[in-house]
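Residue numbers (our numbering), protein chains in the order written: chain U, 1 to 366; chain R, 367 to 732; chain F, 733 to 1098.
Quick notes on the structure that follows.
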Amino acid sequence: AQSNVTVYGIVDAAVMYTNNQAGGTNKAVMEAGQLLTSRWGIKGSEDLGGGLKANFNLEGTLANDTGAAGAGFGGSNLTQNFSQAGNNSSLFDRLSWVGLSGAFGAVTMGRNNILGVDSVGLADPMSLAHAGTNPNVALVGLNSGAFFGGFGTNQGGTALRQNNSVKYVSPFISGFAGAAMYGFGEKAGEMSSSSYAGLAGIFTDGTNGAALSFAKLKDPTGNVSLSGWAGGIKYKIVPSTMLRFTYGHNTIEGKLGAPVAVTSPNDNRKITVIGLGADYAVSDQLTLTGAYYNTKRSGDFDGKADQYIGLAKYAFSKRTTAYASLTYAKAGSSALKDTTLALGIIGTDGVQSKATRAAFGILHAF
Amino acid sequence: AQSNVTVYGIVDAAVMYTNNQAGGTNKAVMEAGQLLTSRWGIKGSEDLGGGLKANFNLEGTLANDTGAAGAGFGGSNLTQNFSQAGNNSSLFDRLSWVGLSGAFGAVTMGRNNILGVDSVGLADPMSLAHAGTNPNVALVGLNSGAFFGGFGTNQGGTALRQNNSVKYVSPFISGFAGAAMYGFGEKAGEMSSSSYAGLAGIFTDGTNGAALSFAKLKDPTGNVSLSGWAGGIKYKIVPSTMLRFTYGHNTIEGKLGAPVAVTSPNDNRKITVIGLGADYAVSDQLTLTGAYYNTKRSGDFDGKADQYIGLAKYAFSKRTTAYASLTYAKAGSSALKDTTLALGIIGTDGVQSKATRAAFGILHAF
Amino acid sequence: AQSNVTVYGIVDAAVMYTNNQAGGTNKAVMEAGQLLTSRWGIKGSEDLGGGLKANFNLEGTLANDTGAAGAGFGGSNLTQNFSQAGNNSSLFDRLSWVGLSGAFGAVTMGRNNILGVDSVGLADPMSLAHAGTNPNVALVGLNSGAFFGGFGTNQGGTALRQNNSVKYVSPFISGFAGAAMYGFGEKAGEMSSSSYAGLAGIFTDGTNGAALSFAKLKDPTGNVSLSGWAGGIKYKIVPSTMLRFTYGHNTIEGKLGAPVAVTSPNDNRKITVIGLGADYAVSDQLTLTGAYYNTKRSGDFDGKADQYIGLAKYAFSKRTTAYASLTYAKAGSSALKDTTLALGIIGTDGVQSKATRAAFGILHAF
């Protein structure tokens, strides 16, 4: 019955230059979490005997460019709240759960990642780099408050993690596992409004893998749904080269009420993201990655944007990596219905329609 | 002069169902901290030689259903601020102190628990379970901001812990110890307003015990006092069975000013809580607890409410426990003067007067 | 490539009495961080081989009198925001960086201390005690939001640490080292507004030392600069006695816009702080310190204030120290232009011009 507790994290900082901001200007910034989202946390496990374990994990986002920790979530009972920031704040916004695991699988209760993260995340073309502007994270993973803030248990902010949720992950049998998760809307008199429900299946042979997930989130009225499918495949064709493919699609089903601006979600909005990527291991230390994302929106407005990323990673060790990346984003037009799909890379002044971004950074995991 | 530092905590999550909410509805939620309040902290001790030690403890509340950490306290100079939330926030809201201990006892300075916690807490009928709705915690322990927010050094939010306080605990002599604590109101020109002063005595033979405490808190004007007595006895009548008894009484002495609503504290308000409980150890792992609380209010409005709780705990280990509980709360009537004494279990729509709650949860301490 | 992670901190609490507050009243308070600023943090280092190391440090302010952690910074695009508090909050407000070190020196990226801290801090007359009212910390170190909040990358709150910054510290060669640091203003179209740039040189023979630093911070318009020089020398004349001398001067260069009140910074404001101190080691455990600070303001208003401090420290161990101090502060007059330079020690009611403060505290480092 001994327990071990680990304080761990990732501190990742990069200098980035982007052109074609509003007014055609350039911008130089320092940002946290460009190779992997910076975080810190506490986790532990206790062996209860007979294969049974008690586990917990507390983990929060770390904006190590300013020292800010945690993130906001909604929590107000606004009908819709499409805002990245929330009125409530959560220090351990990424994970905050306790649970049991054993031969039956694992059950966790608290704030959990939605199942799409573990499925599309498995095969993300750039392994979840540039998470803030990565279409798989922001759009398929429902991390963009501006696009998905009003649905699910958080009632604002990111939908990528869900408050008040119970998650079950089955054991792996012949490489296959399944998972189910439910988040309580916590409203008196009914179970539907502000709830989350998800299912996922995964296969892996240790190197290659495939995953598929489904999520359904309700708005605070219970009348409108956000549904999402996500899937991914990764396959090592030769020892040096891993190919990755992802597909994600989500839909707002129902009438959100009053017409909203073009940059906000709308009735029957559909977003589809296709991702393609390849990792090429030049040496044990140097890996080159090429990634492509295609984002399309329909149902409310027809919009599209593409991202092309080249990424070089040099691993000093398993825990420390220097990296450089070049991103080219191109929207279907300079209209907001297109440029907002580039998730902030392109200036949204109605004039710009493409932008190039360079990043140079270092990641250390502890 | 070696120092050890420990990161520790409790992560406790439960699914709860309660009927008779406003409108007669049911509600299903996931809540943190139902067997013991979830928390995380850092503590340490340094041996200075000759029996002298330097000690510190930082500890904060953990809402592991959302990942939120810490709690708010008042801090504004409002005359009275009967609000659970505060304008200021404290990450280490439960404990934040540094001190010395030795043959003379222990002195700690910073944010301390009031002395009532350690006295009535010793014998709480359900060992401080369901803290959010436990009359001993919320009312005797002054944890309810809505009832006690305006008094003491915090000037809002819970009064259970006091900012700017010095605490002294004597050594145990023949099983007896005493404690005294003072919290600075920090107002120029006087020492009374917003201050806290408390005294406590405790006896224990290692198994059985008794404790008595007194607290006096001033409002920000210095004209109104909140005084509280609390006492508890626990006694193991047979090896399998521990009996527990608590009594707590507090009084607002003086005129708070303008009349306030029935759900707020008022001039000369008195609250008395009587608790009775028994733990029965079925086996090393399984413990059954029965608890009863009687809450009465007078002086401003005559109100009352009762709670009956059955609780089963199954200990996987010393650190990990699964539990189930059933609570029946019954107010004197459906009026707010009665139902508010049930601390949120019963819907306060003026129609409901009783409610039943079931909870199923798991606690892991690390 | 092993990594070690340390959770560390300082918990320092003191009871303080100050006379001559507004209205001539006395005030008794408990405050955190009077010998050294209370803090907690996580740091670690990984050996990458060949002398190369990866390092990180996350550290935040700890108000252990209330349990509050972290600090606010600005972040709004207000033209000037001379406020100690900020709209954004940073849990790891003191340090939040990742970097590499080796034969070339050390590079860190994130939120860093400005270089003046490490130079004038080396020789501060009372070794950075009473940081909240220490002229070297508040004025030379730019920690006073009320005096310096609008400049640099934080855009409000303290300027002592800078968001979005890259810092380089050279190796020591024959006792000499240099450092340079740049903080990104992160504004599209230009690199000047809200930026920080600094240079420093340091010499040490292990016991004695000298340091000199320069900083230039821009306001959010880019039109107004805050420039600061700081230097310090410490010299052990006999084994028992260390002398300390500091000089710091900063200037606002340019027109801040609309006239502001006398208590706010203003066009062409200049502040000079001279510090003199001596540590006398009575024994291995007991150290007596005498310190004197002279603060002068010109350019906008002519003001001045002096502080005289006597400080006794008794070290129970390397990690635990009890202390007592007596401070006498005297302003040039009772006008705000003078008394505000005493940084809150003297009541600012336009009547008081001097005050005496006594502090009794304990510090424990873990």
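The C-beta atom is built at its ideal place from N, Cα and C for all residues, glycine as well.
- Query: Roughly how many angstroms separate the alpha carbons of residue 948 (chain F) and residue 930 (chain F), rounded to a whole number?
  - Reply: Residue mapping note: residue 948 (chain F) aligns to position 216 of the third sequence, counting from 1. Residue mapping note: residue 930 (chain F) aligns to position 198 of the third sequence, counting from 1. Their backbone Cα atoms lie some 6 Å apart in a straight line.
- Query: Roughly how many angstroms separate the alpha carbons of residue 223 (chain U) and residue 193 (chain U), rounded to a whole number?
  - Reply: Along the first sequence, one-based indexing puts residue 223 (chain U) at 223. Along the first sequence, one-based indexing puts residue 193 (chain U) at 193. Between residue 223 (chain U) and residue 193 (chain U), the C-alpha separation is close to 8 Å.
- C-alpha distance - residue 666 (chain R) paired with residue 634 (chain R), whole-angstrom precision: Here residue 666 (chain R) is taken as the residue at index 300 of the second sequence, counted from 1. Here residue 634 (chain R) is taken as the residue at index 268 of the second sequence, counted from 1. For residue 666 (chain R) and residue 634 (chain R), the distance between alpha carbons rounds to 6 Å.
- Item | Residue span of the beta strand (DSSP E) that contains residue 1099 (chain F), given as start and end | No information on residue 1099 (chain F) is available, as it lies outside the stretch 733 to 1098 that chain F covers here.
- Message: Please state whether the Cβ-Cβ distance between residue 394 (chain R) and residue 73 (chain U) is less than 8 Å.
- Response: As a position in the second sequence, residue 394 (chain R) is number 28, starting the count at 1. As a position in the first sequence, residue 73 (chain U) is number 73, starting the count at 1. No, Cβ-Cβ distance for residue 394 (chain R) and residue 73 (chain U) is not below 8 Å.
- Item | Inter-stretch contact at 8 Å, needing at least 3 Cβ pairs: the stretch 1041-1054 of chain F / the stretch 1071-1081 of chain F | no
- Query: Run through DSSP, which three-state label would residue 908 (chain F) get?
  - Reply: Within the third sequence, numbered from 1, the residue matching residue 908 (chain F) stands at position 176. Here residue 908 (chain F) sits in strand by DSSP.
- Using only alpha-carbon positions, find the residue among F:758, F:770 and F:928 that is nearest to residue 422 (chain R). Start at 1 with the first residue of the second sequence, and residue 422 (chain R) comes out as number 56. Checked all of F:758, F:770 and F:928; the closest Cα to residue 422 (chain R) is F:770.
- Query: Name the residues in the stretch 168-188 of chain U whose C-beta lies less than 7 Å from a C-beta of chain R; which are they?
  - Reply: 184, 186 and 188
- Query: CB residue 95 (chain U) to CB residue 46 (chain U), shorter than 8 Å?
  - Reply: Stepping through the first sequence from its first residue, residue 95 (chain U) is reached at position 95. Stepping through the first sequence from its first residue, residue 46 (chain U) is reached at position 46. No, they are not a contact pair.
- Query: Name the DSSP bridge partner or partners of residue 200 (chain U)?
  - Reply: The residue given as residue 200 (chain U) occupies position 200 in the first sequence. For residue 200 (chain U), which the question treats as bridged, DSSP gives the partners U:179 and U:213.
- Message: Within 8 Å of any Cβ in chain U, is that where the Cβ of residue 462 (chain R) sits?
- Response: Locating residue 462 (chain R) in the second sequence gives position 96, counting from the first residue. Closer than 8 Å: no.
- Query: DSSP three-state call for residue 977 (chain F): helix, strand or coil?
  - Reply: On the third sequence, residue 977 (chain F) is found 245 positions in, with the first residue counted as 1. In the structure shown, residue 977 (chain F) sits in a strand (DSSP, three-state: E or B).
- Item | Any chain R beta carbon closer than 8 Å to residue 757 (chain F) | For the purposes of this step, residue 757 (chain F) is taken as the residue at position 25 of the third sequence. True, the Cβ-Cβ gap to chain R drops below 8 Å.
- Per-residue burial, residue 1065 (chain F) [other beta carbons within 10 Å of its own, 16 or more giving buried]: Working through the third sequence from its first residue, we reach residue 1065 (chain F) at position 333. Result: exposed.
- Which whole runs of the beta strand (DSSP E) in the stretch 34-78 of chain U are 3 residues long or more, in chain order? 39-49, 52-63 and 71-73
- If you follow the alpha helix (DSSP H) that residue 115 (chain U) is part of, which residue opens it and which one closes it? By one-based count along the first sequence, residue 115 (chain U) stands at place 115. Its alpha helix (DSSP H) spans residues 115-120.
- Item | Cβ-based burial, residue 859 (chain F) [other Cβ within 10 Å; buried from 16] | Against the third sequence, residue 859 (chain F) aligns to sequence position 127. Its Cβ being crowded by 16 or more others within 10 Å, residue 859 (chain F) is buried.
- Applying a beta-carbon distance threshold of less than 9 Å, which residues of chain R neighbour residue 771 (chain F)? Reading the third sequence from its first residue, position 39 is the one you call residue 771 (chain F). Simply none; closest approach about 11 Å.
- Can you list, in chain order, the residues of its chain whose CB lies under 7 Å from that of residue 994 (chain F), leaving out five sequence neighbours each side? Looking up residue 994 (chain F) in the third sequence gives position 262. The predicted position of residue 994 (chain F) is uncertain, since its pLDDT is 36 and thus under 50; a value taken from the coordinates is nonetheless stated next. Counting only Cβ-Cβ distances below 7 Å, and skipping sequence neighbours, we find 1033, 1068 and 1069.
- Task: Answer yes or no: does any C-beta atom of chain U fall closer than 8 Å to that of residue 396 (chain R)?
- Result: Here the question's residue 396 (chain R) lines up with position 30 in the second sequence. True, the Cβ-Cβ gap to chain U drops below 8 Å.
- Message: Quick check on DSSP: helix, strand or coil for residue 218 (chain U)?
- Response: By one-based count along the first sequence, residue 218 (chain U) stands at place 218. Three-state result, residue 218 (chain U): strand.
- Item | Same chain, Cβ closer than 6 Å to residue 364 (chain R), five either side skipped, listed in chain order | One cannot answer for residue 364 (chain R) here, as it falls past the ends of chain R, which runs 367 to 732.
- Query: Cα separation between residue 102 (chain U) and residue 172 (chain U)?
  - Reply: Numbered from 1 along the first sequence, position 102 holds the residue referred to as residue 102 (chain U). Numbered from 1 along the first sequence, position 172 holds the residue referred to as residue 172 (chain U). Roughly 12 Å between the two C-alpha positions.
- Message: Going by C-alpha to C-alpha distance, which of U:202, U:328, U:117 and U:166 sits closest to residue 106 (chain U)?
- Response: Looking up residue 106 (chain U) in the first sequence gives position 106. Comparing Cα-Cα distances from residue 106 (chain U) to each of U:202, U:328, U:117 and U:166, the minimum goes to U:166.
- Residues bridged to residue 896 (chain F) by DSSP? Counted from its first residue, the third sequence places residue 896 (chain F) at position 164. Its beta-bridge partners do not exist; DSSP assigns none.
- Item | Under 7 Å from the C-beta of residue 1070 (chain F): neighbouring residues of chain R | Here the question's residue 1070 (chain F) lines up with position 338 in the third sequence. None at all; the shortest Cβ gap to chain R is about 20 Å.
- Coarse secondary structure for residue 1073 (chain F), derived from DSSP in three states: Counted from its first residue, the third sequence places residue 1073 (chain F) at position 341. Helix, per DSSP.
- Item | Run of the alpha helix (DSSP H) containing residue 873 (chain F), from where it starts to where it stops | As a working mapping, residue 873 (chain F) is identified with position 141 in the third sequence. Note, residue 873 (chain F): premise wrong, no alpha helix (DSSP H); not H, not E.
- From this set, R:722, R:690 and R:686, which residue's C-alpha is nearest residue 697 (chain R)'s C-alpha? Taking the first residue of the second sequence as position 1, residue 697 (chain R) is located at position 331. Per the Cα distances, R:722.
- Task: Using a cut-off of 8 Å between C-beta atoms, extract the partners of residue 778 (chain F) located in chain U.
- Result: For the purposes of this step, residue 778 (chain F) is identified with residue 46 of the third sequence, where counting begins at 1. Residues of chain U passing the Cβ test: 317, 319, 320, 364 and 366.
- Message: Helix, strand or coil, according to DSSP, for residue 1090 (chain F) in the structure here?
- Response: Locating residue 1090 (chain F) in the third sequence gives position 358, where the first residue counts as 1. It is a strand residue.
- Item | Residues near residue 545 (chain R) by beta carbon distance below 6 Å, same chain, minus five either side | By 1-based counting over the second sequence, the position of residue 545 (chain R) is 179. Excluding sequence neighbours, residue 545 (chain R) sits near 481, 535 and 566.
- Message: Short of 8 Å in beta carbon distance, which residues of its chain neighbour residue 458 (chain R), apart from the five on each side in sequence? Order them along the chain.
- Response: Numbered from its first residue, the second sequence carries residue 458 (chain R) at position 92. Answer for residue 458 (chain R): 407, 424, 425, 426, 436 and 477, listed in chain order.
- Message: So, with DSSP's three-state summary, where would you put residue 268 (chain U)?
- Response: Residue numbering aside, residue 268 (chain U) sits at position 268 when the first sequence is read from its first letter. Residue 268 (chain U): coil per DSSP, three-state reduction.
- Task: Report the option in R:584, R:410, R:372 and R:391 whose CA atom is closest to the CA atom of residue 516 (chain R).
- Result: For this step, residue 516 (chain R) is matched to residue 150 along the second sequence. It is R:584 whose Cα lies nearest to the Cα of residue 516 (chain R).
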